[in-house]
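Student: Right, I'll just put the structure down here and ask away after.
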Amino acid sequence: MLDAFRSSPAVGFRLPPAAFFKLPSQQPMSLTPPLNEPSLAQPFQIPPSLYAQLLDYRVPITIAAVYATTVVILNRVNKARAYRPWAISKTSWFKVLVILHNVFLAVYSAWTCIGMWTALRNSIPRFNNEYGAVGVVDGFCRLAGPRGLGNGANYNATSDQWSIPNPEYQLAANGLPDPTDVGRLWNQGLAYYGWIFYLSKFYEVIDTAIILAKGKKSSTLQTYHHAGAMMCMWAGIRYMGQPIWIFVLVNSFIHAMMYSYYTVTALHIRVPNAIKRSLTTMQIMQFIFGTFSASSYMFIQYSVPIPVTRVLSWDQLSKALPAAASAAESGIAAATASAGVIPMLKKLAIRAAGAEGIAENVLNGQGQHFGSDAQHAARYSQLQQEAINSLRYESIDCVDNSGQAFAIWLNVMYLLPLTYLFARFFVRSYLRRIEPAERQKPSTQIHQVEQAGLDALKGVSREIRRAALVQNGDGDTSATDEDIVQERVRPLTAITEKKVSTKETKPNYQNTNNFETVPAKRRAKRGEAEKNAAPVQASNTFSVLKDNA
Numbered sequence: 001m002l003d004a005f006r007s008s009p010a011v012g013f014r015l016p017p018a019a020f021f022k023l024p025s026q027q028p029m030s031l032t033p034p035l036n037e038p039s040l041a042q043p044f045q046i047p048p049s050l051y052a053q054l055l056d057y058r059v060p061i062t063i064a065a066v067y068a069t070t071v072v073i074l075n076r077v078n079k080a081r082a083y084r085p086w087a088i089s090k091t092s093w094f095k096v097l098v099i100l101h102n103v104f105l106a107v108y109s110a111w112t113c114i115g116m117w118t119a120l121r122n123s124i125p126r127f128n129n130e131y132g133a134v135g136v137v138d139g140f141c142r143l144a145g146p147r148g149l150g151n152g153a154n155y156n157a158t159s160d161q162w163s164i165p166n167p168e169y170q171l172a173a174n175g176l177p178d179p180t181d182v183g184r185l186w187n188q189g190l191a192y193y194g195w196i197f198y199l200s201k202f203y204e205v206i207d208t209a210i211i212l213a214k215g216k217k218s219s220t221l222q223t224y225h226h227a228g229a230m231m232c233m234w235a236g237i238r239y240m241g242q243p244i245w246i247f248v249l250v251n252s253f254i255h256a257m258m259y260s261y262y263t264v265t266a267l268h269i270r271v272p273n274a275i276k277r278s279l280t281t282m283q284i285m286q287f288i289f290g291t292f293s294a295s296s297y298m299f300i301q302y303s304v305p306i307p308v309t310r311v312l313s314w315d316q317l318s319k320a321l322p323a324a325a326s327a328a329e330s331g332i333a334a335a336t337a338s339a340g341v342i343p344m345l346k347k348l349a350i351r352a353a354g355a356e357g358i359a360e361n362v363l364n365g366q367g368q369h370f371g372s373d374a375q376h377a378a379r380y381s382q383l384q385q386e387a388i389n390s391l392r393y394e395s396i397d398c399v400d401n402s403g404q405a406f407a408i409w410l411n412v413m414y415l416l417p418l419t420y421l422f423a424r425f426f427v428r429s430y431l432r433r434i435e436p437a438e439r440q441k442p443s444t445q446i447h448q449v450e451q452a453g454l455d456a457l458k459g460v461s462r463e464i465r466r467a468a469l470v471q472n473g474d475g476d477t478s479a480t481d482e483d484i485v486q487e488r489v490r491p492l493t494a495i496t497e498k499k500v501s502t503k504e505t506k507p508n509y510q511n512t513n514n515f516e517t518v519p520a521k522r523r524a525k526r527g528e529a530e531k532n533a534a535p536v537q538a539s540n541t542f543s544v545l546k547d548n549a
């Protein structure tokens with residue numbers, strides 16, 4: 001923990017205060033992005049009224065609830081239909097729309113990633129700046145206001161007001177940070193790209209619609225992923241949470257690659273399994289990095305310069321002035337020596353007349369004070385310089401209100417189970433897969449039945465996973481649900497067991513009642529058998545067979 005006031009800037013850590021664990025209030029409202037001229041980076045302007053309306057908490061809650069409920073219902077419908085594809089998914093125009101959907105999200109994600117990276121470069125100072133690491137931390141913690149340590153806008157929840165520590169900068173007329181300020185992450189692009197990225201989470205539910213249209217089951221992982229992303233992006237933009245830039249920048253980068261991969265697979269181009277595994281690994285690393293980075297904001301504390309004007313006592317001044325007086329002594333002596341006779345006589349005459357103030361302002365030929373007046377001028381200059389350069393460094397929290405803290409905690413709580421679900425999928429999909437060369441040949445018929453069931457199970461799992469990879473927009477390839485597998489494996493297993501059972505229960509007539517079966521190649525032809533056959537009477541010793549039989 002840092003001292004409340006310091007003589008130099010520093011960065012420290014402390015436990016989050018209790019105020020960070022309260023529900024957020026309505027204030028402060030999210031600041032609207034600046035209305036810049038349309039360009040490739042920002043092709044259109046966002047109306048301030050629309051910006052605020054879509055950040056109402058009822059918007060993401062309603063859409064997420066409707067989405068989750070619809071998925072649960074349609075999953076049951078698909079199960080009742082034995083997971084057969086719907087007719088619409090077999091049409092050619094449906095496949096074209098799927099490709100266009102993936103292309104659009106790949107291009108949009110790349111555009112967002114480039115825009116956010118540019119905003120980050122224009123906002124965060126380099127480590128070789130005047131204040132070093134403190135200046136970098138300030139760039140990440142203060143989103144609004146002019147560039148520079150101590151110039152960022154802070155929100156005071158107690159007074160319900162924005163403020164800027166540096167008196168040289170002022171807020172806008174409405175008491176909010178000026179939207180024309182440059183050098184901070186919010187105005188440089190986070191407000192613009194973050195708000196659009198928040199809306200894109202609503203559009204991404206089309207990924208789930210495609211899976212359901214193909215008769216598949218939308219997994220719990222995908223439903224949780226989409227619904228949770230809506231709420232987290234809303235909280236980050238609505239309350240201007242500092243770490244939300246991580247969500248926008250890193251997630252857009254991952255999505256650009258994921259949707260490019262989906263586009264390629266939709267075009268029936270084979271992709272190596274190593275690329276699939278790498279994409280899933282990057283998603284897991286994204287969640288781990290986001291969790292630790294976002295939570296670290298809650299513990300950071302750093303100091304900013306606060307200009308102050310303090311009145312010096314004569315004792316303080318008498319200790320401070322000798323150095324200045326001795327430093328200026330040579331200059332005073334030179335000014336006095338070159339003063340000349342006329343300025344000296346003029347000063348003495350004015351002083352004799354009682355005008356001491358006017359006499360002090362008499363200058364020599366070089367425009368300088370001379371004599372004892374030069375020393376008085378040096379004292380005044382030192383006093384003025386001391387008052388101007390008086391600074392103290394005040395320690396402030398990186399997070400300055402409960403709304404920002406709420407956005408951070410919500411994102412962290414969302415990422416923790418999501419990381420577990422993706423890690424579980426990674427283990428099931430890649431680490432537990434048995435290669436064909438490693439499989440052992442079954443030694444018995446029972447093992448043959450078990451192996452046939454396992455092969456069918458894995459084959460169906462791979463088909464479902466392949467379909468999910470093609471249509472899932474968030475890398476959610478966990479559609480290998482047990483319900484679907486069981487429905488499709490059960491008939492295959494039953495057929496295999498029936499064949500083996502029939503083979504085992506078939507009567508064995510070999511060596512029964514001292515009769516032996518004759519191989520097909522050694523059997524006599526029908527004509528020769530009839531000629532060589534003995535008469536019936538000769539072989540009918542007990543008259544069991546009659547001639548008319």
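Letter 245 of the sequence shown, counting from 1, is numbered 245 in full-length UniProt numbering, and no numbers are missing.
Here a beta-carbon is modelled for each residue, glycine too, at the ideal position from N, C-alpha and C.
So for D178, helix, strand or coil by DSSP?
Tutor: D178 falls in the coil class under three-state DSSP.
Student: Alpha carbon to alpha carbon, how far is D397 from A157? Give it in angstroms, no decimals.
Tutor: Each residue's Cα considered, the two are about 13 Å apart.
Student: Measuring straight from C-alpha to C-alpha, what distance separates R14 and F299?
Tutor: The alpha-carbon atoms of R14 and F299 are separated by roughly 5 Å.
Student: What does DSSP give as the partner residue(s) for R392 in the beta ladder?
Tutor: Bridge partners of R392: I306.
Student: Which class does W162 belong to by DSSP, given the choice of helix, strand or coil?
Tutor: Residue state, collapsed to three classes: strand.
Student: Give a yes or no on whether the C-beta atoms belonging to Y203 and D400 are separated by under 9 Å.
Tutor: Taking 9 Å as the Cβ cut-off, Y203 and D400 do not qualify as a contacting pair.
Student: Taking the alpha carbon of Q286 as the point to measure from, which residue in A106, A423 and A18 has its own alpha carbon closest?
Tutor: It is A423 whose Cα lies nearest to the Cα of Q286.
Student: Taking contact to mean at least 3 C-beta pairs separated by less than 8 Å, is the region 183–196 in contact with the region 234–251?
Tutor: Taking 8 Å as the limit for Cβ pairs, the verdict is that the region 234–251 does touch the region 183–196.
Student: So does the region 193–200 actually touch the region 159–174, counting three or more Cβ pairs closer than 8 Å?
Tutor: The answer is no - the region 159–174 does not touch the region 193–200, with fewer than three Cβ pairs under 8 Å.
Student: Would you mind giving the Cβ-Cβ distance between L410 and V304, rounded to the nearest angstrom? I have them listed as a contact below 8 Å.
Tutor: With 8 Å as the limit, L410 and V304 do not qualify as a contact, their Cβ atoms being about 27 Å apart.
Student: From G12 to G132, what does the alpha carbon distance come to, in whole angstroms?
Tutor: Taking the straight line joining both Cα atoms gives about 14 Å.
Student: Can you tell me the Cβ-Cβ gap for S109 and S252, rounded? I've got them flagged as a contact below 8 Å.
Tutor: Going by Cβ atoms, the distance from S109 to S252 rounds to 5 Å, so yes, they are a contact pair.
Student: Tell me which same chain residues have a C-beta within less than 6 Å of the C-beta of P165, skipping the five on either side of it?
Tutor: Excluding positions up to five away in sequence, the list reads G150, V304 and I306.
Student: Whole-angstrom Cβ separation of A144 and L31, contact assumed at under 8 Å?
Tutor: Sure, about 6 Å apart at Cβ, within 8 Å.
Student: Taking just the CA atoms, how far does Q404 sit from L267?
Tutor: Computed Cα separation, rounded: 43 Å.
Student: If you measure between the beta carbons of N75 and K214, is that distance less than 9 Å?
Tutor: The answer is no: Cβ separation not under 9 Å.
Student: Among L50, Y51 and L35, which has the Cα closest to the Cα of F44?
Tutor: Per the Cα distances, L35.
Student: Take the Cβ of Y420 as the centre, count every other Cβ of all protein chains shown within 10 Å, and call the residue buried at 16 or more, exposed below.
Tutor: Exposed.
Student: Nearest to L40 by CA position, among V205, L97, Y57 and T118, is which residue?
Tutor: Answer by Cα proximity: T118.
Student: Can you give me the C-alpha to C-alpha distance between I211 and A87, rounded to a whole angstrom?
Tutor: Each residue's Cα considered, the two are about 13 Å apart.
Student: My guess is that C113 and L249 are in contact by the Cβ rule of under 8 Å, so how many angstroms apart are they, rounded?
Tutor: Yes, they are in contact, since the Cβ atoms of C113 and L249 sit about 6 Å apart, within 8 Å.
Student: Does the beta-carbon distance from A65 to R238 come in below 9 Å?
Tutor: No, they are not a contact pair.
Student: Hey, how far is the Cα of R147 from the Cα of A18?
Tutor: Their Cα atoms are separated by approximately 30 Å.
Student: Can you tell me whether F21 is buried or exposed? The criterion is at least 16 other CB atoms within 10 Å of its CB, across all chains shown.
Tutor: Exposed, because fewer than 16 other Cβ atoms sit within 10 Å of the Cβ of F21.
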